[in-house]
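Taking it in order: structure first as structure tokens, then the write-up.
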Amino acid sequence: MSDQKLYPVIPAIAASAHIDTDRYHEMYRRSIDDPEAFWSEQAEQFLDWERRWDSVLAHDYPRGEIQWFIGGKLNVTVNCLDRHLATRGDQIAIIWEGDDPSHHSTLTYRELHRQVCKFANVMKSQGVGKGDRVCIYLPMIAEAAVVILACARIGAIHSIVFGGFSADALRDRILDADCRFLICADESYRGGKIVHSKLNVDKAAKQCPNLRTVVVIKHTGHDIPWSNGRDVCYHEAMQSADETCEPELMDAEDPLFILYTSGSTGLPKGVLHTTGGYLLYAAMTHKYVFDYREGDVYWCTADIGWITGHSYVLYGPLCNGATTLMFEGVPTYPEPDRFWQVIDKHRGNIFYTAPTAIRALMAQGDAYVQRTGRDSLRVLGSVGEPINPEAWEWYYRVVGDQRCPVVDTWWQTETGGILITPLPGATALKPGSATLPFFGIQPAILDPEGHPLDGEAEGILVLTFPWPGQARSVYGDHQRFVDTYFSKFPGYYFAGDGARRDADGYYWITGRIDDVLNVSGHRLGTAEIESALVLHDQVAEAAVVGFPHPIKGQGIYAYVTLNVGVEGNETLKAELKNLVREEVSAIALPDAIQWSPGLPKTRSGKIMRRILRKIAANEFSDLGDTSTLADPAVVEQLVANRQHPS
Ligand code: WT7
1 MSDQKLYPVI PAIAASAHID TDRYHEMYRR SIDDPEAFWS EQAEQFLDWE
51 RRWDSVLAHD YPRGEIQWFI GGKLNVTVNC LDRHLATRGD QIAIIWEGDD
101 PSHHSTLTYR ELHRQVCKFA NVMKSQGVGK GDRVCIYLPM IAEAAVVILA
151 CARIGAIHSI VFGGFSADAL RDRILDADCR FLICADESYR GGKIVHSKLN
201 VDKAAKQCPN LRTVVVIKHT GHDIPWSNGR DVCYHEAMQS ADETCEPELM
251 DAEDPLFILY TSGSTGLPKG VLHTTGGYLL YAAMTHKYVF DYREGDVYWC
301 TADIGWITGH SYVLYGPLCN GATTLMFEGV PTYPEPDRFW QVIDKHRGNI
351 FYTAPTAIRA LMAQGDAYVQ RTGRDSLRVL GSVGEPINPE AWEWYYRVVG
401 DQRCPVVDTW WQTETGGILI TPLPGATALK PGSATLPFFG IQPAILDPEG
451 HPLDGEAEGI LVLTFPWPGQ ARSVYGDHQR FVDTYFSKFP GYYFAGDGAR
501 RDADGYYWIT GRIDDVLNVS GHRLGTAEIE SALVLHDQVA EAAVVGFPHP
551 IKGQGIYAYV TLNVGVEGNE TLKAELKNLV REEVSAIALP DAIQWSPGLP
601 KTRSGKIMRR ILRKIAANEF SDLGDTSTLA DPAVVEQLVA NRQHPS
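When you number the sequence shown by full-length UniProt numbering, it's gap-free, plus one each residue, and the end is 646.
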């Protein structure tokens, strides 16, 4: 594309940034030419180690084996808390902003440290120790940071389940990681509505025989059912807990957390991240990608239930001694100016959110933005899905007043941190491009046969060399890790995305090339939604595909084949939606359900999703080759009955 817009680096930003263009190229070169020396220096600079590593890296991609800083010892909370106490004990670590605009509070580094130690002792007294899996099912409240870090303090492995997930989704995750200890809230608020967190836990717990202890944090304070002997009141337990807790000495490669994410097939995978490399990568990317400076108020709107919340609400910022803002609410409550009001209220300098939120707010018009000042802002970030140039321009022009670079950051749950991204003082921007690789990151584009393509090219995005933040395994199923990421193109990490590289070497992510959907920045597997739909006893078969959606990025379109003799109707549609809500989450509700007497299949019985995607997208003119279909007439039938998504 020669007509694409180029936004040069903003001189005022470059003048004071950590990294300018020359420095980027120089550091990038070094990170590729001598990765071990480069990462050694970074590990020394960013982290405090109890014991230095013996060797920097060992890896064998075809076997999915990756180790960084072998023999190194450290504790994550020493790096995120203890070491800051002498210099910034009274600095605010966490600003909490509630769903209700009149609710907010702050925690200093000293207070956060004290509470983390106390809760670590609560967990210890309940028998939780190093290597135990702890499930965390919490809204965006400050106590979430306390309990997450408390796990890291004692070496317990946290598994955070997004508070918007259903009881059944929670159950599956508790069982998969065999969590015996869980922390939840009584209830939470979201856009003025109540979410019944504890009720979901009670429901999930019925099918989790090993779940022994449920710690409940009072948030709304409403009455909730109580299970004596199992349930523990957070506040009571904290009152009597000791304030000193020695940090557990962890190996660099000891697990830090498990985080479930959707793939093309089967149940979500428990992606496993370890200690030293992950923390280093989160901290370093946080500093350079957002050009974080001492004293900045930094705000990432992601929920702690996603990787973005792990790396860029908590671990990265706290490791760097930043003030990080945690927001419980939604962008449009009480009004669609909430983000900008919060920025003005807390004088936010760095703001990081998802394209779906930007598009939703853009649709509300500029007036909601313009009635706020936003003069504290310096850097804007985008994450979670491709950002369309129109939304990018609006973000840059209207929200950032053309003063703030927009960093479009491409990465994944599995990558631990940002891989392809501009740096504010170094990279000229092109709306819609994630631009260039971060230090140490070596992307490549392959053709479908797995041959690397040079220069300008479009194809399959892979990474040719490890980086410290990379996931190490799938919890309890290393073979699945190997099969998913390392088998298709041996010698590479396969990300599941397509990408184009332009003449300037800039990367343009074109979206998933597998059966993973990205709905409002949430990653969902079509297989999970299909399994929920076929649970209905009147459903014979279901196929789910994504289609372009103006706000959500992708919407969900479900083709459902009913049992012979059953008539589809609105009641049945409602029942199916309810099943999806219960089995997966309200995020996964189909935007359209089409009754499909048959699905397009090859003679060997494989559903041709390509055709289903075209029909859902309303692109009938180009259905491609249908000659391999067992029954080509099915397609005409489907086209004639396409549903308009709601
Ligand atoms: C998938 C990963 C990254 C943390 C949040 C989502 C898509 C993510 C971008 C971007 C284009 C993006 C990819 C990726 N994605 N960021 N800047 N441009 N696409 O993490 O839930 O693991 O999803 O999100 O398709 O594979 P996730």
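Even for Gly, the Cβ is constructed at its ideal location relative to N, Cα and C.
Taking the C-alpha atoms as reference points, what is the distance between residue i and residue j?
{"i": "R610", "j": "D408", "result": "28 Å"}
{"i": "R51", "j": "L279", "result": "16 Å"}
{"i": "F69", "j": "G263", "result": "29 Å"}
{"i": "I95", "j": "M326", "result": "6 Å"}
{"i": "V383", "j": "G505", "result": "20 Å"}
{"i": "F494", "j": "L517", "result": "17 Å"}
{"i": "T464", "j": "F486", "result": "11 Å"}
{"i": "Q4", "j": "I10", "result": "18 Å"}
{"i": "G459", "j": "S166", "result": "36 Å"}
{"i": "G568", "j": "Y559", "result": "12 Å"}
{"i": "C545", "j": "T301", "result": "Just to set this straight, residue 545 is Val in the shown sequence, not Cys. Those two C-alpha atoms are separated by around 28 Å."}
{"i": "M1", "j": "E385", "result": "Residue confidence is low: M1 scores 47 on pLDDT, short of 50, so the model does not pin down where it sits. Its coordinate-derived value is still stated next. Spanning the two alpha carbons is a distance of roughly 21 Å."}
{"i": "residue 690", "j": "I509", "result": "Outside the displayed range of the chain (1 to 646) lies residue 690, so it cannot be described from this structure."}
{"i": "Q207", "j": "S227", "result": "15 Å"}
{"i": "residue 647", "j": "S31", "result": "Residue 647 is absent from the structure shown; the chain starts at 1 and stops at 646."}
{"i": "G321", "j": "A93", "result": "7 Å"}
{"i": "A428", "j": "V289", "result": "14 Å"}
{"i": "G565", "j": "G598", "result": "14 Å"}
{"i": "K430", "j": "P317", "result": "27 Å"}
{"i": "R603", "j": "R212", "result": "50 Å"}
{"i": "M27", "j": "A363", "result": "40 Å"}
{"i": "V519", "j": "K552", "result": "5 Å"}
{"i": "D631", "j": "Q637", "result": "11 Å"}
{"i": "F438", "j": "L589", "result": "36 Å"}
{"i": "K601", "j": "M608", "result": "6 Å"}
Hey, would you say residue i sits closer than 8 Å to residue j, going by beta carbons?
{"i": "G416", "j": "A499", "result": "no"}
{"i": "A503", "j": "E456", "result": "yes"}
{"i": "H113", "j": "L81", "result": "yes"}
{"i": "L629", "j": "V580", "result": "no"}
{"i": "R180", "j": "I258", "result": "no"}
{"i": "S585", "j": "G164", "result": "yes"}
{"i": "I445", "j": "R501", "result": "yes"}
{"i": "L380", "j": "I343", "result": "no"}
{"i": "A144", "j": "I174", "result": "no"}
{"i": "Y475", "j": "L267", "result": "no"}
{"i": "G440", "j": "Y333", "result": "no"}
With a threshold of 7 Å (Cβ to nearest heavy atom), would residue i be considered close to the ligand WT7?
{"i": "W467", "result": "no"}
{"i": "N563", "result": "no"}
{"i": "G511", "result": "yes"}
{"i": "I307", "result": "yes"}
{"i": "A357", "result": "no"}
{"i": "residue 684", "result": "Lying outside 1 to 646, the shown extent of the chain, residue 684 is not represented and no answer is given."}
{"i": "Q470", "result": "no"}
{"i": "G381", "result": "no"}
{"i": "E385", "result": "yes"}
{"i": "residue 648", "result": "A query on residue 648 cannot be resolved here, the shown segment of the chain reaching from 1 to 646 and no further."}
{"i": "residue 647", "result": "Within the shown structure, residues of the chain are numbered from 1 to 646, placing residue 647 beyond reach of any answer."}
{"i": "W410", "result": "yes"}
{"i": "D497", "result": "yes"}
{"i": "N228", "result": "no"}
{"i": "T628", "result": "no"}
If you follow the beta strand (DSSP E) that residue i is in, where does it begin and where does it stop?
{"i": "E65", "result": "E65 to I70"}
{"i": "F257", "result": "P255 to T261"}
{"i": "E97", "result": "I92 to E97"}
What is the residue span of the alpha helix (DSSP H) that residue i lies within?
{"i": "H536", "result": "Note, H536: premise wrong, no alpha helix (DSSP H); not H, not E."}
{"i": "E335", "result": "Per DSSP, E335 belongs to no alpha helix (DSSP H) and is neither H nor E."}
{"i": "S240", "result": "Y234 to S240"}
{"i": "H84", "result": "R83 to R88"}
{"i": "S159", "result": "That residue, S159, is in no alpha helix (DSSP H); its beta strand (DSSP E) goes I157 to I160."}
Check your understanding: Taking one C-beta from the stretch 391-403 and one from the stretch 445-460 each time, how about it: are there three or more such pairs within less than 8 Å?
Key -> no
Exercise for review: Count the C-beta pairs between the stretch 134-143 and the stretch 169-183 that are closer than 8 Å, then say yes if the count reaches three, no if not.
Suggested key: yes
**Study point:** Contact the stretch 474-486 vs the stretch 62-76: 3+ CB pairs below 8 Å
**Key:** yes
Check your understanding: Counting pairs of beta carbons, one from the stretch 334-351 and one from the stretch 387-395, are three or more of them closer than 8 Å?
Key -> no
Practice item. Check whether the stretch 152-161 touches the stretch 71-81, taking contact to mean three or more Cβ pairs, one atom from each stretch, closer than 8 Å. Key: yes
Check your understanding: If you pair each beta-carbon of the stretch 349-356 with each one of the stretch 120-131, do three or more pairs fall below 8 Å?
Key -> no
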